[in-house]
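Down below is the structure, laid out as structure tokens.
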Amino acid sequence: MDRKIPNFAGTWKMKSSENFDELLKALGVNMVLRRIAGAAASKPSVEITPGRGGHVHSHLHLYPDHPQLSCWETQNKISCEQVLQKGEGPKTAWTREITNDGELILTMSANDVVCTRVYLRE
Numbered sequence: 001m002d003r004k005i006p007n008f009a010g011t012w013k014m015k016s017s018e019n020f021d022e023l024l025k026a027l028g029v030n031m032v033l034r035r036i037a038g039a040a041a042s043k044p045s046v047e048i049t050p051g052r053g054g055h056v057h058s059h060l061h062l063y064p065d066h067p068q069l070s071c072w073e074t075q076n077k078i079s080c081e082q083v084l085q086k087g088e089g090p091k092t093a094w095t096r097e098i099t100n101d102g103e104l105i106l107t108m109s110a111n112d113v114v115c116t117r118v119y120l121r122e
């Protein structure tokens with residue numbers, strides 16, 4: 001079932017980021033790559049373009065040997081959860097939410113580690 005989602009399209013500049021390095025640790029990223037990622041992602045701009053006519057499928061199941069990705073949306077928020085079908089690794093999830101004052105809040109998690117990034121539309 002397709003449902004209309006909020007307008008996330010546009011260019012967004014990061015205002016703040018909390019716990020990014022801890023998230024990368026939880027994902028098993030080594031120290032050298034975490035430092036490179038931290039430097040590269042310190043003040044990024046993100047461009048979001050609409051896909052599939054501004055719609056998202058409520059549930060998307062990938063190939064059986066790959067992670068299963070389930071997505072759902074509510075009013076101003078899109079949420080996705082990814083579960084490995086084989087092997088070991090953290091349970092990961094993310095949400096994107098547009099607040100009433102126009103900020104884009106990206107929340108990412110790996111098991112119990114949560115990273116929050118706040119963006120402003122340019």
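If you read the sequence shown in full-length UniProt numbering, its first letter stands for residue 1, the second for the next number, and so on.
From the three backbone atoms N, C-alpha and C, an ideal C-beta is built for every residue, glycine too.
Can you grab the Cα-Cα spacing for the pair residue i / residue j, in whole Å?
i: Asn19; j: Leu33; result: 16 Å
i: Gly28; j: Ser70; result: 22 Å
i: Arg121; j: Ala110; result: 26 Å
i: Asp21; j: Gly38; result: 7 Å
i: Glu81; j: Leu104; result: 19 Å
Among the options, which residue has its Cα nearest to the Cα of residue i?
i: Asp112; options: Met31, Cys71 and Pro90; result: Pro90
i: Arg117; options: Arg35, Asn76, Val46 and Gln82; result: Val46
i: Leu106; options: Gly10, Leu27, Lys77 and Gln82; result: Lys77
i: Ala9; options: Gly102, Val114, Asn30 and Cys115; result: Gly102
Does DSSP put residue i in a helix, a strand or coil?
i: residue 123; result: Shown here, the chain extends from 1 to 122; a query on residue 123 therefore has no answer.
i: Ala26; result: helix
Let me know if residue i comes out buried or exposed under the rule of 16 or more other beta-carbons within 10 Å of its beta-carbon.
i: Arg96; result: buried
i: Thr99; result: exposed
i: Ala26; result: buried
i: Ser17; result: buried
i: Met108; result: buried
i: Thr74; result: exposed
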